[in-house]
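Taking mature numbering (1 follows the signal peptide of the UniProt record, and there is no 0), I'd label the letters of the sequence shown as residues -25 to -1, 1 to 145. Note that CB positions come from ideal geometry on N, CA and C, so glycine has one too. Working notes for the structure below.
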Amino acid sequence: MDMGPRGLQLLAVLLALGLCAPAGAQKPSACQCSRIEASHRKNCGFPGISAAECFNTGCCFDSRVPNVPWCFHPLPKQESEQCVMEVAARKNCGYPGISPQECASRNCCFSDTIRNVPWCFFPILNQGNVRAGRGGVGVLGAGPGRLQARPPSAAGIVSGGSSSEGHSPQ
């Protein structure tokens, strides 16, 4: 088969696009999607994107709020869902230069990926406390430290297939 110069250029473009496209991006958890204020959403799609297309890029989808992106970037993944929150919601639990180990010994969350914000911060739910928010109410269950989630009555925020069981859906 003889491909002219135009055919080779087209083939090169298609191969480059295929290599750059995210293949099976990791789907965000419900917490990574539902804890973002609508006004803080960063666009992750294009006009008319479907929920499935949005999730396939590793983003969140919520079409309930007008005039904001419906397909948007999730909050950063944390080791514990209790540590997934907007940076502005972090309450300092440490001091400048605290190590991840010292932070963990205080039963706090640690993330040093963003400058000029607390790196050691309190989790959303401290043991023995209940925190209610717009997204629902999280309560500690029967087992020690086991967090159970009560979902909100109007479900509209969709995450990419991750269950909200085991963490607060706020």
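Roughly how many angstroms lie between the CA atoms of Ser4 and Glu12, to the nearest whole one? 16 angstroms
Express the C-alpha separation of Lys17 and Arg39 in angstroms, rounding to a whole number. Note on geometry: alpha-carbon atoms of Arg39 and Lys17 lie some 16 angstroms from one another.
Measure the C-alpha to C-alpha separation of Leu50 and Gly23 and round it to an integer number of angstroms. When rounded, the distance between both Cα atoms is 22 angstroms.
Measuring alpha carbon to alpha carbon, tell me which residue in Pro98, Pro75, Ser25 is nearest Glu61. Pro98
Could you have a look at Leu115 and say whether DSSP puts it in helix, strand or coil? With a pLDDT of 27 at Leu115, under the threshold of 50, the modelled position of this residue cannot be trusted; read the value that follows with caution. Strand at Leu115.
Residue range of the alpha helix (DSSP H) that includes Ala13: Where Ala13 is concerned, there is no enclosing alpha helix (DSSP H), given that its DSSP letter is neither H nor E.
Return helix, strand or coil for Phe85, following the three-state DSSP convention. strand
Under 8 angstroms by Cβ, that's how I've got Cys78 and Gly69 pegged, so tell me the actual separation to the nearest angstrom. 5 angstroms
Beta-carbon contacts of Cys35 that lie in its chain and below 6 angstroms, excluding the five residues immediately before and after: Pro3, Cys8, Phe47, Pro49
Sorted by chain position, which residues of the same chain lie with C-beta nearer than 6 angstroms to Gln44's C-beta, five sequence neighbours on each side aside? Residue identity check: residue 44 is Pro in the sequence provided, not Gln. If we look at Pro44 and ignore the five residues flanking it on each side, its Cβ neighbours are Arg16, Asn18.
Would you call the CB atoms of Asn67 and Phe85 closer than 8 angstroms? no
What residue from Gln76, Pro71, Leu100 has the CA that sits closest to Arg90's CA? Arg90 has its Cα closest to that of Pro71, out of Gln76, Pro71, Leu100.
If you follow the alpha helix (DSSP H) that Pro1 is in, where does it begin and where does it stop? Residue 1 is actually Gln in this sequence, not Pro. No alpha helix (DSSP H) contains Gln1, which DSSP labels as neither H nor E.
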